[in-house]
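*Asks:* Counting from 97, one number per residue, gives the positions in the sequence shown under this note's numbering. One structure is given below, represented as structure tokens, and several questions about it will come after.
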Amino acid sequence: MVRRIWSVLVSLALIVGASAKHAAAQGTGQAGLGGGRGGPQYVSPEIGADRRVTFRHIAPNAKEVYVSGELDGERHAMTKDEAGMWTVTIGPLPPDIYTYSFNIDGVTALDPRNPNTKLGYGNFGPVSVVQVPGDGPQFYDVKPVPHGEVRIHPYESRTMGVARTMWVYTPPGYDKGKDFPVLYLLHDAGDVESGWTLIGRANNILDNLIAGGTAKPMVIVMPLGHSIQSWWAGPSKTSPNAPAGRGNAPGGGAATTAGQPVPPNLFAKDLLEDVMALVEKTYKVSTKPDDRAIGGLSMGGGQTQNIAFNRPELFRYIVIMSAGGQNVDQSYPDFFKNPAATNRQLKLLWIGVGKDDALAGGGSKTLDETLTKHGIDHVYRVTEGRHEWTVWRHYLYEVAPLLFKDHGTVQKSTRR
97 MVRRIWSVLV SLALIVGASA KHAAAQGTGQ AGLGGGRGGP QYVSPEIGAD
147 RRVTFRHIAP NAKEVYVSGE LDGERHAMTK DEAGMWTVTI GPLPPDIYTY
197 SFNIDGVTAL DPRNPNTKLG YGNFGPVSVV QVPGDGPQFY DVKPVPHGEV
247 RIHPYESRTM GVARTMWVYT PPGYDKGKDF PVLYLLHDAG DVESGWTLIG
297 RANNILDNLI AGGTAKPMVI VMPLGHSIQS WWAGPSKTSP NAPAGRGNAP
347 GGGAATTAGQ PVPPNLFAKD LLEDVMALVE KTYKVSTKPD DRAIGGLSMG
397 GGQTQNIAFN RPELFRYIVI MSAGGQNVDQ SYPDFFKNPA ATNRQLKLLW
447 IGVGKDDALA GGGSKTLDET LTKHGIDHVY RVTEGRHEWT VWRHYLYEVA
497 PLLFKDHGTV QKSTRR
């Protein structure tokens with residue numbers, strides 16, 4: 097059964113409501129919520145014509161309130177007026193989509209006046225979202241072009257022993273076409289399978305690239321990266337097949353010893369044995385390695401390595417965003433033992449990281465150095481930005497046109 101994407105809006109509404117109840121319990125004065133009665137009416141966030149953004153929060157009993165997030169990487173103290181309204185204006189900010197949250201006397205809270213909310217996972221909770229507009233629609237916005245669809249596809253994972261969902265983008269013209277190339281696109285630790293669509297806007301990005309003739313029409317499969325049952329498939333629970341104490345670890349993999357080969361983890365097995373089999377049976381995709389790509393960001397970048405470096409014969413295109421690691425040549429010795437064969441097999445190995453990424457910058461650099469030492473062709477991109485969606489949307493926009501091209505059309509062994 098396939099369900100349309102907007103069924104998730106109910107979940108988003110529940111998150112906003114839960115945040116408002118929590119803030120009220122903390123004495124932060126949420127009487128002015130939209131649709132409420134008797135409280136002060138105010139707007140937050142408010143975007144000026146100069147792209148400066150004003151944030152407001154009513155909390156008369158709070159001692160200190162801050163706003164922070166992807167905005168500019170800084171923690172901004174807010175100022176309280178006599179009515180208990182906390183305010184700060186920051187920017188101007190470049191046109192983009194930013195996440196943020198309030199910190200009220202040490203408690204993290206959503207912006208209760210802003211219904212636009214990004215889902216979170218684990219230690220990375222939900223956050224509020226604000227889009228600073230540019231001059232006309234941006235590359236991640238809906239434009240007047242043919243549109244594909246995003247389908248929510250539930251399945252029962254034999255590998256995980258739980259019910260899960262994958263979100264699948266099918267391009268414009270899918271119903272009349274066949275043998276589409278496929279990109280398996282993996283999210284980070286703070287997201288679930290909806291991440292690349294709801295905050296990453298992968299569907300809009302591909303619609304616009306395909307309409308512009310720069311990217312080939314492709315199917316994008318966005319699976320759940322955590323070893324859990326999907327929130328949209330049943331009660332929340334960890335896979336019974338995850339190693340003890342590792343159910344919420346990236347991919348649910350077993351602990352490994354440094355310097356030893358790393359086998360495919362539980363998530364990798366789910367993708368290779370359940371997801372790929374279902375996709376190639378159900379969707380009109382090519383089953384040739386030349387038409388298969390895999391990529392991911394942060395945790396998903398590490399999972400991309402775990403899958404593609406163990407099974408390089410399955411993929412001709414590998415995209416690693418804001419991820420890397422130490423001793424990768426020891427973790428995946430078969431991938432590195434014959435560089436000439438690896439170079440003949442791969443059409444693109446692309447690595448990107450923001451220059452101010454404090455989480456993945458070192459690991460990405462080490463991965464680049466290891467690949468270079470072994471003579472494995474790759475593209476290494478160091479760009480502006482931190483460990484944020486403001487980077488990863490741009491990476492997808494940059495790398496999607498490079499996928500499913502003939503040999504010789506993609507730059508290799510470059511650093512930009």
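The C-beta atom is built at its ideal place from N, Cα and C for all residues, glycine as well. Predicted model only: the values in this text are computed from it and were never measured.
Could you check whether VAL381 and TRP446 sit closer than 7 Å to each other, using their CB atoms as the reference points?
*Replies:* Not in contact: TRP446 and VAL381 (Cβ atoms no closer than 7 Å).
*Asks:* Mapping the DSSP letters down to three states, classify GLY128 as helix, strand or coil.
*Replies:* Because the pLDDT of GLY128 is 34, which lies under 50, any placement of that residue in the model is unreliable, and the number read from its coordinates should be weighed accordingly. DSSP places GLY128 in coil when its eight states are reduced to three.
*Asks:* So, helix, strand or coil for GLY187, using DSSP?
*Replies:* Correct three-state label for GLY187: coil.
*Asks:* Can you check whether the CB of VAL149 is closer than 7 Å to the CB of ILE186?
*Replies:* Yes, they are a contact pair.
*Asks:* Looking at the structure shown, is TYR472 part of a helix, part of a strand, or coil, going by DSSP?
*Replies:* The question names Tyr, but residue 472 in the sequence shown is Ile. Coil at ILE472, not helix or strand.
*Asks:* Check the C-beta distance from VAL358 over to TYR280 and give it rounded, since I have them as a contact under 8 Å.
*Replies:* Not quite, the Cβ-Cβ distance comes to about 19 Å (not below 8 Å), so this is no contact.
*Asks:* Check whether the stretch 477 to 495 touches the stretch 443 to 460, counting contact only when three or more Cβ pairs, one atom from each stretch, lie closer than 8 Å.
*Replies:* Short answer: they touch.
*Asks:* Taking 7 Å as the threshold (C-beta atoms), are VAL317 and VAL264 in contact?
*Replies:* Yes; because the gap between Cβ atoms is below 7 Å, this pair is in contact.
*Asks:* Which of the three DSSP states is assigned to PRO250 in this structure?
*Replies:* Looking at PRO250 - three-state DSSP - the assignment turns out to be strand.
*Asks:* Which same chain residues, not among the five before or five after LEU467, have their C-beta less than 6 Å away from its C-beta?
*Replies:* Excluding sequence neighbours, LEU467 sits near HIS474.
*Asks:* Compute the distance between the beta-carbons of ASP284 and GLY244, then report whether it is under 7 Å.
*Replies:* No, the pair does not count as a contact, with Cβ atoms beyond the cut-off.
*Asks:* Just list the residues that DSSP pairs HIS153 with in beta bridges.
*Replies:* Paired residues: TRP182.
*Asks:* Suppose contacts are defined by Cβ-Cβ distances below 7 Å. Is SER140 in contact with ARG209 by that definition?
*Replies:* Taking 7 Å as the Cβ cut-off, SER140 and ARG209 qualify as a contacting pair.
*Asks:* What first and last residue would you give for the alpha helix (DSSP H) that runs through ALA436?
*Replies:* That run of the alpha helix (DSSP H) goes 435 to 441.
*Asks:* Between the C-alpha atoms of SER290 and ALA205, what's the straight-line distance to the nearest angstrom?
*Replies:* Roughly 22 Å between the two C-alpha positions.
*Asks:* Would you list the one or two residues that DSSP bridges to GLY450?
*Replies:* THR479.
*Asks:* Alpha carbon to alpha carbon, what distance is there between LEU374 and VAL258?
*Replies:* Those two C-alpha atoms are separated by around 15 Å.
*Asks:* Helix or strand or just coil, what does DSSP make of THR466?
*Replies:* THR466: helix per DSSP, three-state reduction.
*Asks:* Just curious, the beta strand (DSSP E) that TRP263 is in, first and last residue?
*Replies:* Where TRP263 is concerned, the enclosing beta strand (DSSP E) stretches over 258 to 266.
*Asks:* In whole angstroms, what separates the C-alpha of MET84 from that of ALA158?
*Replies:* The chain is shown only over 97 to 512; residue 84 falls outside these bounds and no answer can be derived.
*Asks:* Alpha carbon to alpha carbon, how far is GLY398 from LYS461? Give it in angstroms, no decimals.
*Replies:* Roughly 14 Å separates the two Cα atoms.
*Asks:* Using a threshold of 7 Å, state whether the C-beta atoms of VAL225 and LYS214 are closer than that.
*Replies:* Cβ atoms of VAL225 and LYS214: closer than 7 Å.
*Asks:* Can you list, in chain order, the residues of its chain with a C-beta nearer than 6 Å to that of LEU499? Leave out the 5 residues immediately preceding and following it.
*Replies:* Here the set comprises ALA389, TYR413.
*Asks:* Which first and last residues belong to the alpha helix (DSSP H) in which TYR491 is found?
*Replies:* Unbroken alpha helix (DSSP H) run through TYR491: 485 to 495.
*Asks:* Would you kindly report the start and end of the unbroken alpha helix (DSSP H) that includes THR293?
*Replies:* First-last of the alpha helix (DSSP H) with THR293: 291 to 294.
*Asks:* Just how far apart, CA to CA, sit MET314 and ASP387?
*Replies:* Cα to Cα, the separation comes out at about 9 Å.
*Asks:* Excluding the five sequence neighbours on either side, which residues of its own chain have a C-beta within less than 8 Å of the C-beta of PRO331, listed in chain order?
*Replies:* These residues qualify, in order along the chain: GLN325.
*Asks:* On a Cα-Cα basis, can you pick out the residue from ARG477, PHE235, LEU362 that is closest to THR310?
*Replies:* Of the candidates ARG477, PHE235, LEU362, the one whose C-alpha sits nearest the C-alpha of THR310 is PHE235.
*Asks:* Does ASN423 pass the burial test, meaning 16 or more other C-beta atoms within 10 Å, or should it be called exposed?
*Replies:* Exposed, by the Cβ-count rule.
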